[in-house]
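Sequence positions in the sequence shown follow mature numbering (1 follows the signal peptide of the UniProt record, and there is no 0) and run -24 to -1, 1 to 924. Report on the following structure.
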Amino acid sequence: MSHSMKPFLHMLLVFVVGIKCAASQSIVETLPGYDGTLPFKLETGSLHFSLHYILSPLASDFKNFDGSLPSFVLNPYSWTKVANIIFLDYPVRTGFSYSNNARSFPVSDTNSTQHNYTFLRKWLLAHPVFIKNRLYVSGDSYGGKIAPMLALAIAKGNEAGLEPIMSLKGYIVGNPVTDAKQDKNERVPYAHRMGLISDKQFKQARSSCNGEYMNPDPNNAHCLSALNIIDECTTPLNWLHILEPLCTTILQKPSDSRRFQPSLVDHGPVDLTSLSDQNELKCRDDNYLTSYVWANDDTVRESLNIRKGTITDWERCNNSLSYSYDVESAVEHHQNLSDLGFQALVYSGDHDMSTSYMATLKWIRKLNVSVNDEWRAWTVDGQVAGYTELYKSKTKEAYLMFATVKGAGHTAPEYKPRECFEMIRRWLSLYPLVQIVTPFVRVGTYSTRNFATGASFVSSLVIRSRRWVALIAANVHRSRLLAAALTATFWLAPPVQSHSLIQTLPGFPGKLPFKLETGYVGVGGSQEIQLFYYFIESQRSPTNDPLFLWLTGGPACSGLSALLYEIGPIHIDYANSNGTIPALVLNPYSWTKVANIIFIDQPVGTGFSYAKTQQAYKSSDTVSATLTYDFLKRWLINHPQYSKNPLYIGGGSYAGIIVPLVVDQVYNGIEAGSEPPMNLKGYVLGNPFTDINGTSGEMNGRVAFAYRMGLLSDELYMSARENCNGNYLNVHPDNYLCMEDLERVTECLEKIYTFQILEPVCDVGSDKRGLLLDHMPMRDEIARRLLTASPLGVEPWCRDNNMLYSIKWANNEIVQRALHIREGTKIEWVRCNATLKGDYTYDVKSTFDYHRKFSYKKCRALIFSGDHDMIAPHTVTEKWIAALKLQIRSKWRPWFVEGQITGYTATYSHSEHELTYATVKGAGHTPAEYKPLQCLPMIQRWVDHSPL
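Shown next as structure tokens:
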């Protein structure tokens, strides 16, 4: 019985199967594994075929499972809070269902549906109190095919006057198998959209197979070859959720005991109900072990009143079942139900490749329906939970609501229970999924839109882009003259440096197990600019390992950010950072395990870097690169022991603009015979900006990326692409159709966390970062407000909260003394200096020509991209790499860490140049921050000249 709503308000029928004879049932008040009396009404029972069903809002306590009888906890998001639910074991020989007649074992779609209908009739006759309840038939996965078939059978039975007459109102299906051929065919385009196969591989398959990927012509060699390549890329994936690991554990019961030993499981158990976005799931299938242990326990079977001797071993899914798939497609059933006026909810976890949301949308659009409410984001707790579109029957007053569940897999409520509970609650209560919210205005510096004015968020992006281009045109000449002047005066003054070896750090227990040096290097002719750095010696072989000069993005983000959050040897210990000084912990995946790394605060004004005059704070892309090169030369003069190490210039995000400029200056210096000598081998870039404002650039490419990731509908994207001519930045104000489309794009994307589209947005009530360029400083602004408004560890978790700790740590006086920060040079340390913008000129439009130039040199490059970053999408990076027209040395293929697909890689070459490109599956804008375990092997293999 529902406890939070009126009793018997709804009845939801899930995974049903039917029987012929009278029922027997029992009320269950206690269950092994649950402490005390059940706080809900649970009935189990059987009919003649001993169909077993359970109505339970319990979840296994995976966290404390040790192989013995599992315990249960209450599921706070159980759908029984809003509905009466029958969970059924169907067809016969599923779960605890059995038959006394062997001839009844072979079952099919058709007879299973008929059995289900017969069962429901008999169950309602035995439970007449539920007959008048609103009835919904529901199922997911393959149950998504049976559910509409059963709903139609009920409708026909009611029409024929079969008792009892049921109050059928509609049906619900999740990631439903509907049309086997179409469902499977859509896996190839889905894989392309999600970055699992390359553009080239998809185009080859599409052209040679003519859209037929599941049953290709065996004589079509080109098609078979293309599909084999696609299989290599996708077969090792977990199709039920493409970001989760593919389990290799064989969950078998020990022959001599009902107790499972932990050694039987490859990974430790994971508590799925409390899994934080900061943690990584080991293997979801491991948790299914609990149901196997529990359902095969004798005390459990006795409590459930299972008939002894009917089932030897309970299995979660019976793969030995003899089953005839005699209904190829259920599309006709959906159409018939729509024509009869029944309501439908169809939902899809958008990271399921087995039955993708694309396949579901394809058959929905074949129905005789029209769009009643266009594609929009629906939210839970202020966060985007997915996207929804409402369809109306053209013949009846019937509606089909489609909804994606962002980040969910094949059985969406298993992956996103909170969101799916809210979805079903709203739908059953006849509320729209899209909730009306009070208009708000962002507070603080970064206000971009007042809903009341109707000003477009994308329009603000267009205005910002135009200003950007104007600034570039007005200042490029002045900046280059300044850079040239600085270059000419480099050696007017001797290099002045100060540096200190740091053996201990506040927040870290004991002596540092690595060599850390901090210091200042004066740059420019008069050295009035003092650039601060952190140098960490390689923990493997300092003499032989490469030297990295690492530039953080922004611009104006501190090197400490990359050190603490990405690739450095120490990270914040969030769990133990409640004191005055946040705690530090060793990072087991630090890149200093294989490289010497200099983390630099650049340009001037960033981090602890400072200038002696106000005029010296004026900087630009070209000036910043020139001063960074000056820094490197002066640093190597003072550290000559590293001059022979292989040298790489690296960075991420906006450093994609600065790094190529620095690399170019280093090459020029080498060719001119400048001192000190540098052993430059190449460069490394992560999710780099390359062509920010071009039509092929990062900002413009975000719209197409959002479409590919399921954040925009086909219709909206196609309309925007046509009306805007593929250019979403430089839109003429008279192009009303384009502006209108971009307004709708804005509504879909404005609450997405663009650094990693699946993660929650911080402080969503007052911040809408959407497509803004100056994203890094905004994270600091949010963190600063959170720091002053809330205690550390605010809920719900969001990644920007982590920025609180570096602000608190770096502004502590004890910390600054330990780092040997010059007193009085900084009023406040900020991770990314937003105030620098007024003194900074963006005078480089694109660095594409630099990459082309490097392709003619003896140079190695590693470009890597987190594939869930919308700031600098991997799709844009792949396009400019393809435009270099390098020779493909090794085709697009998966790369692995610990036996799991970590991403995809391809290698390109031209003469002595080699470029390795890699995606990092599931990672965001700074991949090592999101996937540290995966990124360390990537950089280690690359610097060791091994294939990924």
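A virtual CB, placed ideally from N, CA and C, is assigned to each residue, including glycine.
Assuming residue i is part of the alpha helix (DSSP H), what are its boundary residues?
i, result
"Gly673", "Note, Gly673: premise wrong, no alpha helix (DSSP H); not H, not E."
"Lys179", "175 to 185"
"residue 1013", "Limits of the chain in this structure are -24 at one end and 924 at the other, which puts residue 1013 out of reach."
"Tyr693", "690 to 699"
"Ser36", "First-last for Ser36: 34 to 36, but that is the beta strand (DSSP E), not the alpha helix (DSSP H)."
"Thr94", "85 to 102"
"Gly535", "535 to 538"
Would you give the residue range spanned by the beta strand (DSSP E) that residue i belongs to?
i, result
"Gly71", "Counting along the chain, Gly71 falls outside any beta strand (DSSP E), and DSSP gives it neither H nor E."
"Met377", "375 to 381"
"Val345", "345 to 356"
"Trp773", "Note, Trp773: premise wrong, no beta strand (DSSP E); not H, not E."
"Glu493", "492 to 499"
"Trp611", "No beta strand (DSSP E) holds Trp611; the alpha helix (DSSP H) holding it covers 597 to 614."
"residue 930", "This structure leaves residue 930 out entirely; the chain is present only between -24 and 924."
"Lys784", "No beta strand (DSSP E) holds Lys784; the alpha helix (DSSP H) holding it covers 779 to 786."
List the DSSP bridge partners of residue i.
i, result
"Ile646", "Ile646 is not bridged to any residue."
"Thr556", "DSSP, once it has assigned bridges, lists no residue as partnering Thr556."
"Glu890", "Arg836, Ser885"
"Trp526", "Phe575, Gly626"
"Thr20", "Ser2"
"Pro870", "Tyr880"
"Tyr118", "The partner list for Tyr118 (beta bridge, DSSP) is empty, contrary to what the question assumes."
"Ala587", "Ile505"
"His547", "Val561"
"Val322", "Val149, Phe378"
Taking the alpha-carbon of residue i as reference, which of the options has the nearest alpha-carbon?
i, options, result
"Gly645", "Asp667, Tyr630, Met685, Thr602", "Thr602"
"Ser114", "Phe63, Asn134, Pro67, Asp155", "Phe63"
"Gly898", "Pro849, Tyr565, Leu144, Ile915", "Pro849"
"Pro46", "Glu874, Leu34, Lys57, Glu291", "Leu34"
"Met170", "Met846, Glu888, Ser887, Ser922", "Met846"
"Lys392", "Tyr375, Ala361, Thr154", "Ala361"
"Phe665", "Ile634, Tyr693, Pro653", "Ile634"
"Pro736", "Ser689, Gly383, Val638, Met715", "Gly383"
"Gly900", "Trp856, Leu891, Ile733", "Ile733"
"Asp815", "Val791, Pro531, Phe490", "Pro531"
"Leu477", "Asn263, Ile505, Gln503, Tyr509", "Tyr509"
"Leu623", "Glu278, Lys609, Tyr630, Gly632", "Lys609"
"residue 925", "Tyr301, His168, Ser117, Asn109", "Lying before the first or after the last residue shown, residue 925 is absent from the chain, which here runs from -24 to 924."
"Ile173", "Leu656, Glu308, Ala882, Glu905", "Ala882"
"Asn263", "Ser300, Gly325, Ile340, Glu390", "Glu390"
"Asn778", "Leu560, Val307, Leu18, His475", "Leu560"
Which same chain residues end up closer than 6 Å to residue i when comparing Cβ atoms and leaving out the 5 residues on each side of it in sequence?
i, result
"residue 944", "Shown here, the chain extends from -24 to 924; a query on residue 944 therefore has no answer."
"Glu365", "Trp351, Phe378"
"Lys834", "Glu888"
"Pro152", "Gly120"
"Asp247", "Bear in mind that the predicted position of Asp247 carries a pLDDT of just 36, short of 50, making it unreliable; the figure below should be weighed with that in mind. Phe38, Lys39."
"Pro221", "Cys259, Gln876"
"Lys781", "Looking at the sequence shown, residue 781 is not Lys but Tyr. Ile548, Ser553, Pro558, listed in sequence order."
"Val639", "Ile625, Tyr659"
"Thr331", "Asn151, Val153, Asp159"
"Phe575", "Tyr510, Trp526, Gly535, Ala538, Leu539"
"Trp467", "Caution applies to Trp467, whose pLDDT of 36 falls short of 50 and renders its modelled position unreliable; the value that the coordinates give is listed next. Closer than 6 Å at the Cβ level, and outside the excluded window around Trp467, lies no residue."
"Leu50", "none"
Which same chain residues, not among the five before or five after residue i, have their C-beta less than 7 Å away from its C-beta?
i, result
"Val740", "Model confidence at Val740 stands at a pLDDT of 38, short of 50, so the residue's coordinates are unreliable; what they give is reported in the following sentence. These residues qualify, in order along the chain: Gly358, Gln359, Lys727."
"Ala335", "Gln158, Asp159, Glu162"
"Ala459", "Annotation note: pLDDT 42 at Ala459 (below 50); position unreliable, no value reported."
"Ser695", "Asp717"
Suppose the cutoff is 8 Å on Cβ atoms and the five residues either side in sequence are ignored; what does the same chain contact list for residue i look like?
i, result
"Thr13", "Glu5, Thr6"
"Ala765", "With a pLDDT of 41 at Ala765, under the threshold of 50, the modelled position of that residue is not reliable, and no figure is offered here."
Cβ of residue i less than 8 Å from any chain B Cβ?
i, result
"Ala59", "Among the chains of the structure shown, chain B does not appear; only one protein chain is present."
Touching by the beta-carbon criterion (3+ pairs, under 8 Å), the region 190 to 197 and the region 860 to 869: no
Three CB pairs or more closer than 8 Å across the region 123 to 137 and the region 307 to 326: yes
Any 3 or more C-beta pairs closer than 8 Å across the region 578 to 598 and the region 610 to 617: no
Touching by the beta-carbon criterion (3+ pairs, under 8 Å), the region 139 to 152 and the region 169 to 189: no
Sufficient close CB pairs (3 or more, under 8 Å) joining the region 639 to 653 to the region 533 to 549: no
Cβ contact check for the region 289 to 300 and the region 267 to 276: 3 or more pairs under 8 Å: yes
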